[in-house]
Each structure stands twice: as C-alpha cells, then as structure tokens.
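Peer 1: Count along the sequence shown from 1, then add 1320; that gives the number in our numbering.
Every residue, glycine too, gets a C-beta built ideally from N, C-alpha and C.
In this text, all values refer to a predicted model and were calculated from it rather than measured experimentally.
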Amino acid sequence: MLRTLQAASKDAPKAFKLALNASRRIAKKDSATQSAKVYNVEEKRIEQDLTAKAIQGYEFSIIGRKRKRGPSLVSYGATKSARGLAVTVIKGRGQKVGRAAFIANGAGGTNRLAFIRTGIKRVMKSGRYKGRVRQPIKALYGPSVADMLTNNEVYNPIHARFVGIVSEDLTKRISRAIRRG
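In structure tokens:
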C-alpha cells in the first residue's frame, strides 16, 4: 500500500494540472452562460471578452478583459421607441428609456451604436458638420464583462459549480492513479 501511495503521489502534480486545465475550459463556457442568464447580452458576445488565465501553475482565473468600455447598448438590445431609446441591461429589472438617445452608425460607418446628446451646442471642428453649430454626442455602453463577473448573481453559481467540477475531476484522477499503483 505504501508503494502504491508513493507512486500515486508522484503523479499528483500532473493530475492537479490536468484537472485544472480541463476545468478551465468548462469554467469559461459556464461564465459566459451564467452572465447571459442575468444580463441581456448574447452568450457569444460575452465569451469574446473572457480569458482563462493560468496563475502560478495550480491556480487560474477567468478574467473579463477590462476594456475602456463594455458592449454597446445595441448589444444589450436597445431599440428606438416613441419616448427615446429603450434598453434592458439586466433581465427582469425592466426597461430604461433615454429621451435624448438614438441609434446611428459609428465613426467607421459600420458599427451601429447608441448615442446621446451631451453638453451645450458648439461649433464643430471636424467631420461632416465642421463649422456648424451642433450639440456633441457620446456613445453609450453597458457594463463590461469584467463588471458582469463581479455581480453576485453571476459569480456565486459559477463558483459553486466550478468547485464541484474540480473536486470531482480531481477525485477521479487520484482514484485512477491509486488503482494503477
């Protein structure tokens, strides 16, 4: 029995790494799925901003890339209504309406973005309205994927499921190593 346990203990670091790598892929997918259950964004869009990053061999984390801005409000399903721009960011919490907001093409002309008019009117210095008096506009974005992962409605189910998956996988690998002896 002592020889069996010594042989199994030699394989333990490898078993830990394999268990974490298998779990990392599952955790990334689960993070996107759980975020999409709470937030009104497609799972595929959330997964674009997720990274499973290894930390010091036996640890890893799912990181939502912290960008300057999160997905645009159009990704959250913003629509133009008679009262303004209607959008539901978190499912089950109702729509919010921005009166001075609208949807238009972005600077490149390809992306549809939500905009709001801000500040006082001024003379435009560049672009199509150069020299004319216009009110500046600002693009509107929702919470970033990193912010989604800090929400307890998203984090707690992911964490509970992940701990179960890792411990189950690790138990299987250790049992297999002991049987192999």
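R1454 by DSSP, collapsed to three states: which one?
Peer 2: Here residue 1454 refers to the residue found at position 134 of the sequence shown. R1454: strand per DSSP, three-state reduction.
Peer 1: Could you name each continuous beta strand (DSSP E) segment of 3 residues or more that falls completely within the segment 1388-1419, going from the start of the chain to the end?
Peer 2: You should have 1399-1401, 1404-1407, 1416-1418.
Peer 1: Count Cβ pairs between the segment 1466-1483 and the segment 1398-1406 that sit closer than 8 Å; are there 3 or more?
Peer 2: The answer is no - the segment 1398-1406 does not touch the segment 1466-1483, with fewer than three Cβ pairs under 8 Å.
Peer 1: Quick one: what does DSSP say N1341 is sitting in, helix, strand or coil?
Peer 2: Here residue 1341 refers to the residue found at position 21 of the sequence shown. Reduced to three states, the DSSP call for N1341 is helix.
Peer 1: Taking the alpha carbon of I1366 as the reference point, which residue from K1492, G1462, R1448 has its own alpha carbon closest?
Peer 2: The sequence position of residue 1366 within the sequence shown is 46, counting from 1. Closest option to I1366, Cα to Cα, is G1462.
Peer 1: Are V1394 and R1344 touching if we call contact CB-CB under 8 Å?
Peer 2: Taking the first residue of the sequence shown as 1, we reach residue 1394 at position 74. Taking the first residue of the sequence shown as 1, we reach residue 1344 at position 24. Not a contact, by the Cβ cut-off of 8 Å.
Peer 1: So, with DSSP's three-state summary, where would you put V1361?
Peer 2: Reading the sequence shown from its first residue, position 41 is the one you call residue 1361. Reduced to three states, the DSSP call for V1361 is coil.
Peer 1: Suppose the cutoff is 8 Å on Cβ atoms and the five residues either side in sequence are ignored; what does the same chain contact list for K1349 look like?
Peer 2: Your numbering for residue 1349 matches position 29 in the sequence shown. Closer than 8 Å at the Cβ level, and outside the excluded window around K1349, lie E1367.
Peer 1: For T1371, does the three-state DSSP call read helix, strand or coil?
Peer 2: Residue mapping note: residue 1371 aligns to position 51 of the sequence shown, counting from 1. In the three-state reduction of the DSSP assignment, T1371 falls in the strand class, which pools E and B.
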